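Engineer:
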Amino acid sequence: MSSSDQLPRVYVARSIPPHGMARLRERCHVIAPEGDEAPTRQEFLDGARGMDALFVFPNVKVDKELLDAAGPQLKVIATYSVGLDHIDINLCKERGVQVGYTPGVLTTATAETGISLLMATARRMGECIQAVKDGSWGTKWERSMWLAGSEIAGSVIGIVGLGRIGLAIAKRLASFEVSKIVYTGRNPRPESADPIGAEYVTFNDLLGQSDFVVIACSVNESNKGLFNAEAFKKMKKSSILINISRGAVIDQDALYEALKSGEIGAAGLDVTTPEPLPPTDPLLALPNCIVTPHVASCTVTTRNNMCDLMADNIFAGLEGRPLKTPAY
Numbered sequence: 055m056s057s058s059d060q061l062p063r064v065y066v067a068r069s070i071p072p073h074g075m076a077r078l079r080e081r082c083h084v085i086a087p088e089g090d091e092a093p094t095r096q097e098f099l100d101g102a103r104g105m106d107a108l109f110v111f112p113n114v115k116v117d118k119e120l121l122d123a124a125g126p127q128l129k130v131i132a133t134y135s136v137g138l139d140h141i142d143i144n145l146c147k148e149r150g151v152q153v154g155y156t157p158g159v160l161t162t163a164t165a166e167t168g169i170s171l172l173m174a175t176a177r178r179m180g181e182c183i184q185a186v187k188d189g190s191w192g193t194k195w196e197r198s199m200w201l202a203g204s205e206i207a208g209s210v211i212g213i214v215g216l217g218r219i220g221l222a223i224a225k226r227l228a229s230f231e232v233s234k235i236v237y238t239g240r241n242p243r244p245e246s247a248d249p250i251g252a253e254y255v256t257f258n259d260l261l262g263q264s265d266f267v268v269i270a271c272s273v274n275e276s277n278k279g280l281f282n283a284e285a286f287k288k289m290k291k292s293s294i295l296i297n298i299s300r301g302a303v304i305d306q307d308a309l310y311e312a313l314k315s316g317e318i319g320a321a322g323l324d325v326t327t328p329e330p331l332p333p334t335d336p337l338l339a340l341p342n343c344i345v346t347p348h349v350a351s352c353t354v355t356t357r358n359n360m361c362d363l364m365a366d367n368i369f370a371g372l373e374g375r376p377l378k379t380p381a382y
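The working numbering applies: residue 55 is where the sequence shown begins, and numbers increase by one.
(1) Determine whether the beta carbon atoms of R300 and V273 lie at a separation below 7 Å.
(2) I need the straight-line Cα distance from V130 to P71, nearest angstrom please.
(3) On the DSSP letters alone, give me the boundaries of the alpha helix (DSSP H) that Y310 sits inside.
(4) Span of the alpha helix (DSSP H) holding I269?
(5) Report, in whole angstroms, the separation of the C-beta atoms of A207 and V232, which I expect to be a contact under 8 Å.
(6) Which one or two residues does DSSP pair with Q96 in a beta bridge?
(7) Can you tell me the Cα-Cα spacing of R375 and A283, whole angstroms?
(8) Would you give the residue range spanned by the beta strand (DSSP E) that I344 belongs to?
(9) Measuring alpha carbon to alpha carbon, tell me which of G168, A202, T167, E166 ends up nearest E179.
(10) Please classify H83: does DSSP put it in a helix, a strand, or coil?
(11) Determine the closest residue to I318 out of F266, K194, V84, with distance taken between C-alpha atoms.
(12) Among the residues of its own chain, which have a CB less than 6 Å from the CB of A92, if the five just before and after it don't count?
(13) Assign T164 to one of two classes, buried (16 or more other C-beta atoms within 10 Å of its C-beta) or exposed (fewer than that).
(14) Which whole-angstrom value is the C-beta distance of V360 and Y134, which I expect to be below 8 Å?
(15) How many angstroms separate the CA atom of F111 from the CA atom of N342?
(16) Compare the C-alpha of A107 against each of R63, P126, R95 and name the closest.
(17) In whole angstroms, what is the alpha-carbon distance linking T327 and A302?
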């Protein structure tokens, strides 16, 4: 029997940074698909059989089917995300499978992405880039209001979900000399909001006041489709919507109609339903909608830090210790 056969077995859903893979291989027998392509569902089910730990991504649904396939020896699952909507937490708890996730380490990168999307949509960067590429720049440049955008300074910022990421965005936007920051969520968070002067308001009040609405909440059954046709009607016609949460928070058909009709000004989305978004999706044809491929946490530093945290959680779970960042 080789030494690797005596190590706990970990199945990694797809390629991860070399730093993370090296850490896992120091203490585990790692099984991972070759190449950069994510395994199919069946390939993942087959790969999970007999594993002691699973390293998963948000596109991997952790449900009864997967837990049954893995087997009763499974001790811990670590997810490369803050969001947990792809994992049946209650079932994992029932079966004694610990679940770790990656809060905190991706806050900075995700906040920066949210602000990048906000600035890009405010200044119509997608349209600007297209104008340079298609040559229309030369024929329209002298029009005084051509591609005129919106200023962040003096605006009202609305944050839906003042958790780690929402707060990080609010703190950074405060330095843009905004007029006011309002937020909404399940409960007021004065300990976080008061130092930056953010005001707790109802969801409807936030929609009516805000020039920029940033969705930074976690998704659950109560807020799926929260941004629907009725919500868009309550927003300013010039308002800009940013989503770095999960695609399910938005009714995308209603968003398309709101953007196309001018009911709201623009949208910047790092998350969609489904993912990847098909290239034929009508949202992608709109000049006032910028979509990025769910890369909010994608910096070298953050991805390595996420791998470190996931490795720590896996090692703890395999050894029967409390996880560093448990999901329950």
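Here a beta-carbon is modelled for each residue, glycine too, at the ideal position from N, C-alpha and C.
Everything numeric in this text was worked out from a predicted model, so none of it was measured.
Structural biologist: Inspection of the coordinates gives the following:
(1) yes
(2) 20 Å
(3) 306-315
(4) It is not in any alpha helix (DSSP H) - I269 instead sits in the beta strand (DSSP E) that spans 266-269.
(5) 7 Å
(6) None; Q96 has no bridge partner.
(7) 47 Å
(8) Residues 343-345.
(9) Note that residue 179 is Met in the sequence shown here, rather than Glu. Per the Cα distances, A202.
(10) strand
(11) F266
(12) R68
(13) buried
(14) Looking at the sequence itself, residue 360 is Met, so the reference to Val does not match. Sure, about 6 Å apart at Cβ, within 8 Å.
(15) Near 30 Å, if we compare the C-alpha coordinates of N342 and F111.
(16) Taking only the C-alpha atoms, the option nearest A107 is R63.
(17) 6 Å
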